[in-house]
Amino acid sequence: DDEIDYTRDRVKMFINAKRKDEIIFTKNTTDSLNMIAYGFFLNYLKDGDEIILSSSEHASNILPWLILSMKKKVKVVFVDSKNEKLNINDLIDKITNKTKVISLAQITNVSGDKRDIKTICEIAHKFNILVVVVAAQSAPEIKIDVQDLDCDFLAFSAHKMCGPLGLGILYGKYELLKKMVPFEYGGGMNLDYDENTLK
Numbered sequence: 022d023d024e025i026d027y028t029r030d031r032v033k034m035f036i037n038a039k040r041k042d043e044i045i046f047t048k049n050t051t052d053s054l055n056m057i058a059y060g061f062f063l064n065y066l067k068d069g070d071e072i073i074l075s076s077s078e079h080a081s082n083i084l085p086w087l088i089l090s091m092k093k094k095v096k097v098v099f100v101d102s103k104n105e106k107l108n109i110n111d112l113i114d115k116i117t118n119k120t121k122v123i124s125l126a127q128i129t130n131v132s133g134d135k136r137d138i139k140t141i142c143e144i145a146h147k148f149n150i151l152v153v154v155v156a157a158q159s160a161p162e163i164k165i166d167v168q169d170l171d172c173d174f175l176a177f178s179a180h181k182m183c184g185p186l187g188l189g190i191l192y193g194k195y196e197l198l199k200k201m202v203p204f205e206y207g208g209g210m211n212l213d214y215d216e217n218t219l220k
């Protein structure tokens, strides 16, 4: 327990999170993105809401959203990445009053395109849009400061940085993580339970 707590504190410092309880350990980036999609946005999004992705995202940042759009009446909107590069003006053109989330890789594995996440967050938050950042490629390469970026969620994996397989990091702003609903249940999550508490 002490080692886990120590590691969580190290990750907090690594990405400059405000609190160590904004750090959740997962299996990998894909697991983190699924947790964001189904643990938070499944309950957050309403019928008709829109999710913006770029056309040059990794499958791990496309498939969870597409499956979510099949479970709920929400729409996935793609910004075309000309020459595999994302143009912020093209992104702005896709924003509507129905846009509720933008999910993008900070650096894409498709072309190495580096996105200006800080500016994207500033624009998104003016419209009350939440921003999910996939940092699988960027965390090993550049300094990440989640407070400076002001992103709402961020995900990356240890194995991209010579760490162990099977360890992912999910960062979320504390007030958003408090609203996250578990989609896996089991031991260690409870002090006590009976059938009435599950209703």
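If you're matching positions, the sequence shown starts at 22 in our numbering and goes up one per residue.
Beta carbons are placed, not taken as given, at the ideal position from N, Cα and C, and that holds for glycine.
Just so we're clear, the structure is a prediction, and the values are computed from it rather than from any experiment.
Inset, instruction - Flag this pair as yes or no: are the beta carbons of A145 and I123 separated by less than 7 Å? - result: yes
Legend entry - Nearest residue (CA-CA) to L175, options T28, D52, S75 and D22: D52
Legend entry - Cβ-Cβ distance between Q158 and I138 below 7 Å: no
Legend entry - Per-residue burial, T47 [other beta carbons within 10 Å of its own, 16 or more giving buried]: buried
Inset, instruction - Output yes or no for whether 7 Å exceeds the beta carbon distance between N82 and V155. - result: yes
Legend entry - Proximity of C142 and V152 at Cβ, strictly below 7 Å: yes
Legend entry - Any 3 or more C-beta pairs closer than 8 Å across the stretch 28–42 and the stretch 191–199: yes
Legend entry - Sequence-distant residues of the same chain with beta carbon closer than 8 Å to H79, five excluded per side: A126, T129, N130, V131, V155 and A157
Legend entry - C-beta contact flag for L54 and P85 at 7 Å: yes
Legend entry - Inside the stretch 90–117 only - alpha helix (DSSP H) runs reaching at least 4 residues: 109–115
Inset, instruction - Look up S178 in the DSSP assignment and say whether it is helix, strand or coil. - result: strand
Inset, instruction - Decide yes or no for the touch test of the stretch 65–75 against the stretch 37–44: beta carbon pairs closer than 8 Å, at least 3 of them. - result: no
Legend entry - Exposed unless 16 or more other CB atoms sit within 10 angstroms - verdict on L186: exposed
Legend entry - G184 versus A160: straight-line alpha-carbon distance, rounded: 12 Å
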